[in-house]
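*Asks:* Listed in order, the protein sequences are those of chains R and C.
Going by the working numbering, the first residue of the first sequence is number 147, and it counts up by one from there.
Going by the working numbering, the first residue of the second sequence is number 2, and it counts up by one from there.
Next up is a structure, given as C-alpha cells.
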Amino acid sequence: MQHLEELKQQIRDRLPALDLVIGWEAGFDPLRATPLFMRQPDDVDRLIIGPQCVHNLATHLTGLKGRKIGIVVKGCDSRTIVELLQEKLINREDLVVFGVPCSGVVSVGKIGRKMGSLDYVEGVEFSADSVTVASEGVQNSFALEEVAADKCGRCQYNTPLLFDVLVGEPRPGDVVDDYADVATFEEQPLEARMNHWLEAMDRCVRCYACRNACPMCVCRDHCVAQSRDPHWMTQEDTVENKLLFQIIHTMHLAGRCTECGECERSCPMSIPLLLLRRKMNKEIDALFDYRAGTRIDATPPLLSFKVEEEKINERGW
Amino acid sequence: MAAKFIAHTELDAWLGRISERYRALVPRREGNAVVFRPFDPAMPVELKARPTESPKAAVFPRCEALLAYKYEKDPEEPGRVEVEVAERRDGVPTVVIGGRPCDAAAFKTFDRVYDSDRVRDLNYLNRREMTVLVSLVCSKPATTCFCHWMGGGPASTAGSDVLMTPVADGHVFETLTARGDEVIGTELPDASDAQMTEARKVQAAAEAAMGEPVDVGAAREKLLALFDDAGFWEAESAKCISCGVCTYLCPTCYCFNITDEKFGHEGVRLRTWDYCMSHLFTMEASGHNPRPTKAHRLKNRVGHKFSYYPSLHGGNIACCGCGRCIRSCPASVDIRAIVLNAIAAPAPRPKG
C-alpha cells in the first residue's frame, strides 16, 4: 500500500495527456472493489490498490478504441494486454500502462464459503499475507494463500510483463503451472466429466456475463449465441444448448485465453468455467509450446501458419 | 387466517408432503449460488443465505414455447403449403418457499404489465394464478438491501400468501390469503403465544435494522431531464460490461424475446428472457439501433425502473430493492448510486 501515493502521482502526471485512466476504487462494501474511471485529477483520490482489486480492467480496452487510455494492471492483466496487442485489437500508442506487482487477489467466493455469508461485511484489513474480514461483529483472519483466486496459486507473472510505469518492487514468480488441475479432472471417467458439466450448466441463466467479462471475447454485439440472421443457436435453454455455447466460447479462446478468470468470477451461478478454457490452453501448450499473452514479440500460433509445425507430425501418418 | 408453527426438525417432512400436491420450489445451494429448485429430500434447503436468483421463473420461465407449428404440403396441390398451429399453455400448481418479501412484492410489477386493461398475458396469468408465495422474513438486511427505499420491508406482507418468520426452534407461518390457507392447511400445530411474540420481535428488529429510507421520488423527473445528457450516462455506465446479470437476477425485470425455432417442417415459437443491456434488444429490422452503446442501454434500465414505469403505472417504481443487481454485478455497478447521482446532478442546460 505504501506505493499507492506514488501510483496516484504517476497517474496525475500523465492524466492531462489522456482521455481517462482506469483503476479501482472501493465498492459497495470493503471487500468489493469496483472499476474507477479517472478523468479529472480529483478522481485519482479515490484510487485503491490491493488484493480486493480483482477485476481485469483490460476487458474495457477494446470498447474504448480510438481514445488515449491509461490503465492500471496486475501481472495477469498485463498478459491480456500483450494478447490484445498481438491480435492488433488495441493500439500500443494509445495506451499508457501503469504496472503494479501483485501478490495475489482474493476470491470473494472462497471467503464467502468460509464466512458463511458476505451480506454484512463491515470491514476488511489486508496484510502482506493475510486478510481479516469483519462481519456481524465477528472477525475472521485467513492466510491470503488460502483465500486467493485459484489463478494466483499458479501465477508466474507477479510483475507485469509490459508497462510504461512500474510502481513498487518487481516480484519474482517462481511457480510452474503444469495444468495439474486439468490433468486431475481428466482422470475421471468420461461420463463423470460430462455429468459434471451438465450439472454445472444446468444453473446457467444465459446472462452472458462470462462472455462480456472476457477481455478476449471481442465479437461482443455480433456473438454467435444471439445472432438472429443467421440464427446459429437456438434460444432454448436446455442444458445441452447452454453447454454448447460454452464449448463454442472455449474453442474461440483456444490459445488466446490469458486465464484471467473473469469468466468464472463474473458468473453469478458459480459455474467453474475457467477449467474449460484451461483444458484448451493445455492442448495448445502441448502442441505449440505457447501460452497466450506471455511473449511480447511472438505471434500466437493460431494466428500464424507454418508448413510444418514443430510438434505436429503432419506427414508422418 | 392462521398462524402455524413448524419446527426445524419437521420442515423437510412438511415440504415432502407439500411436494405431493404442488411443485415446491425451495432455495438450494449449488456451488456458491443459491437457486430455486423443486424440493428434493436428499438435498438440504438453504434458508439462511439470500438466494442468488429471484424466484420469478416460477411464473415467467426463462424459456417457454408459446406455440408449436407444422407446415404440410397439400398432396393434391403440392405448391400449396398449410400451416398447423397449436397454442401451448402449461403450468403446474406451484408453491415458492423461501423467496423474500422483496421477491413477493416484485410480482406486482409483473402484474401491472401482464394483467392490464389493454393486455392480458394468458401464459403468465395461468402460472401466476397457480403459484403461491411463502415468503421468508429477512432477519437481517444485507449491505446491498434497500427494499425500504421502495416502500417494502424485510417483514413486509405485500404480495405474499404466507409469511414465514424464523424463531428459535423453527418457523412461524402466518397465512395472508385464501391460497395461503389452502397450502398450509390445518394439520400443523398453531403457533403458541410465545412463538407469536418472538416472531413479532424478529419482524420488528428486521424492520428497525433497515435504518431510514432514502426518498428517490425525485428520480422520476430527474431521469427524464437527464435523458439527453450523454456525458452523465457515459460516466455512469463506464464500468458496466453490458452483460445480463442485473436483469436476469432481477425480480422485477420482465422483458422477453420471441424467436421461431424451426427444424425441417416443424417448429416452436419460443419466448425467452431478454435484457435491455443487450445490443440486439432494440435493434430494428432496418439495421438502425436507437440504443447503440452501453450508456444508452444502462440509461434505459435505470430510467425504466425509476421513471418510465412509474409514469405508466401509478407511481409504482419497478424495483424492489433486493440488491441482487449490485451484489452479483461483475463490476459492482450500484443502481442506488446511479439514481442518487441522477437526483444530485445539476440540471442540464436547456437546449438552443
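The C-beta atom is built at its ideal place from N, Cα and C for all residues, glycine as well.
If we ignore side chains and look at the alpha-carbon of each, how far apart do VAL243(R) and LEU230(R) end up?
*Replies:* Within the first sequence, residue 243(R) is the residue found at index 97, counting from 1. Within the first sequence, residue 230(R) is the residue found at index 84, counting from 1. Those two C-alpha atoms are separated by around 13 Å.
*Asks:* With three or more beta-carbon pairs closer than 8 Å as the criterion, would you say the stretch 206-223 of chain R touches the stretch 242-256 of chain R?
*Replies:* At 8 Å Cβ cutoff, the stretches touch.
*Asks:* Count the other C-beta atoms from every protein chain shown that fall within 10 angstroms of the C-beta of VAL270(R), then say buried if there are 16 or more, exposed otherwise.
*Replies:* As a working mapping, residue 270(R) is identified with position 124 in the first sequence. Its Cβ being crowded by 16 or more others within 10 Å, VAL270(R) is buried.
*Asks:* Just curious, the alpha helix (DSSP H) that PRO181(R) is in, first and last residue?
*Replies:* As a first step, residue 181(R) is located in the first sequence; it is residue number 35 there, counting from the start. Careful: PRO181(R) lies outside any alpha helix (DSSP H), inside the beta strand (DSSP E) at 178-184.
*Asks:* Taking the alpha carbon of LEU344(R) as the point to measure from, which residue in LEU390(R), PRO376(R) and HIS377(R) has its own alpha carbon closest?
*Replies:* As a position in the first sequence, residue 344(R) is number 198, starting the count at 1. LEU344(R) has its Cα closest to that of LEU390(R), out of LEU390(R), PRO376(R) and HIS377(R).
*Asks:* Identify which residue in ARG180(C), ASP170(C), GLU188(C) and CYS244(C) has its Cα closest to the Cα of ARG302(C).
*Replies:* In the second sequence, counting from the first residue as 1, residue 302(C) sits at position 301. Among ARG180(C), ASP170(C), GLU188(C) and CYS244(C), the Cα nearest to that of ARG302(C) is on CYS244(C).
*Asks:* Any idea what DSSP makes of LEU68(C), helix, strand or coil?
*Replies:* Indexing the second sequence from 1 puts residue 68(C) at position 67. Strand at LEU68(C).
*Asks:* Can you tell which of VAL96(C), PRO62(C) and THR10(C) has its C-alpha closest to the C-alpha of ASN258(C)?
*Replies:* Indexing the second sequence from 1 puts residue 258(C) at position 257. Out of VAL96(C), PRO62(C) and THR10(C), PRO62(C) has the C-alpha closest to the C-alpha of ASN258(C).
*Asks:* Going by the DSSP bridge assignment, what does LEU399(R) pair with across the sheet?
*Replies:* Residue numbering aside, residue 399(R) sits at position 253 when the first sequence is read from its first letter. DSSP output for LEU399(R) lists no bridge partner at all.
*Asks:* Would you identify the three-state DSSP class for GLN381(R), choosing helix, strand or coil?
*Replies:* Residue 381(R) sits at position 235 when you count from the first residue of the first sequence. Three-state result, GLN381(R): coil.
*Asks:* In the stretch 22-51 of chain C, which residues sit with their C-beta less than 8 Å from some C-beta in chain R, listed in chain order?
*Replies:* Those would be GLU31, GLY32, ASN33, ALA34, VAL36, LYS49, ALA50 and ARG51, in chain order.
*Asks:* Buried or exposed: where does ASP175(R) fall if 16 or more other Cβ atoms within 10 Å of its Cβ makes it buried?
*Replies:* Reading the first sequence from its first residue, position 29 is the one you call residue 175(R). ASP175(R) is buried by the Cβ-count criterion.
*Asks:* Considering ILE259(C), what are the terminal residues of the beta strand (DSSP E) in which it resides?
*Replies:* As a working note, residue 259(C) is residue 258 in the second sequence. Note, ILE259(C): beta strand (DSSP E), 257-264.
*Asks:* With DSSP as the reference, label ARG238(R) as helix, strand or coil.
*Replies:* If you number the first sequence from 1, residue 238(R) lands on position 92. Reduced to three states, the DSSP call for ARG238(R) is helix.
*Asks:* Within the chosen definition, does the stretch 229-236 of chain C reach the stretch 352-360 of chain R through at least 3 CB pairs nearer than 8 Å?
*Replies:* Too few Cβ pairs lie closer than 8 Å, so no.
*Asks:* Could you list the residues in the stretch 383-405 of chain R with a C-beta less than 7 Å from some C-beta on chain C, going in chain order?
*Replies:* Residues ASP383.
*Asks:* For PRO45(C) and CYS146(C), I'd like the C-alpha separation in whole angstroms.
*Replies:* Residue numbering aside, residue 45(C) sits at position 44 when the second sequence is read from its first letter. Residue numbering aside, residue 146(C) sits at position 145 when the second sequence is read from its first letter. C-alpha separation (whole angstroms): 25 Å.
*Asks:* In three-state terms, what does DSSP make of LEU137(C)?
*Replies:* Residue mapping note: residue 137(C) aligns to position 136 of the second sequence, counting from 1. It is a strand residue.
*Asks:* Do THR396(R) and LEU422(R) have their CB atoms nearer than 8 Å?
*Replies:* Translated into positions along the first sequence, residue 396(R) becomes position 250. Translated into positions along the first sequence, residue 422(R) becomes position 276. It is a contact, given that the beta carbons lie within the stated cut-off.
*Asks:* Within 8 Å (strictly less), CB to CB, does PRO414(R) reach chain C?
*Replies:* Here residue 414(R) refers to the residue found at position 268 of the first sequence. It does; some Cβ of chain C falls within 8 Å.
*Asks:* Given this structure, state the Cα-to-Cα distance separating ARG129(C) from LEU123(C), to the nearest angstrom.
*Replies:* Taking the first residue of the second sequence as position 1, residue 129(C) is located at position 128. Taking the first residue of the second sequence as position 1, residue 123(C) is located at position 122. Their Cα atoms are separated by approximately 10 Å.
*Asks:* From the DSSP secondary-structure annotation, give me the bridge partner or partners of GLN196(C).
*Replies:* Walking along the second sequence from the start, residue 196(C) turns up at place 195. For GLN196(C), which the question treats as bridged, DSSP gives no partner whatsoever.
*Asks:* According to DSSP, is HIS172(C) part of a helix, a strand, or is it coil?
*Replies:* Residue mapping note: residue 172(C) aligns to position 171 of the second sequence, counting from 1. The answer is strand: DSSP assigns HIS172(C) an E or B state.
*Asks:* Could you confirm whether any beta carbon from chain C is found closer than 8 Å to the beta carbon of THR180(R)?
*Replies:* Here the question's residue 180(R) lines up with position 34 in the first sequence. For THR180(R), the answer is yes, since a Cβ of chain C falls inside 8 Å of its Cβ.
*Asks:* Starting from the C-beta of ASP191(C), find all residues in its chain whose C-beta is less than 8 Å away, skip the five residues before and the five after it, and write them out in chain order.
*Replies:* Walking along the second sequence from the start, residue 191(C) turns up at place 190. Correct list, in chain order: ALA3, ALA4, LYS5 and PHE6.
*Asks:* Give, in chain order, every residue of the stretch 337-361 of chain R whose Cβ lies closer than 9 Å to some Cβ of chain C.
*Replies:* Listed in sequence order: GLU345, ALA346, ASP348, ARG349, VAL351, ARG352, CYS353, TYR354, ALA355, CYS356, ARG357, ASN358 and ALA359.
*Asks:* Would you list the one or two residues that DSSP bridges to ARG30(C)?
*Replies:* Looking up residue 30(C) in the second sequence gives position 29. DSSP, once it has assigned bridges, lists VAL35(C) as partnering ARG30(C).
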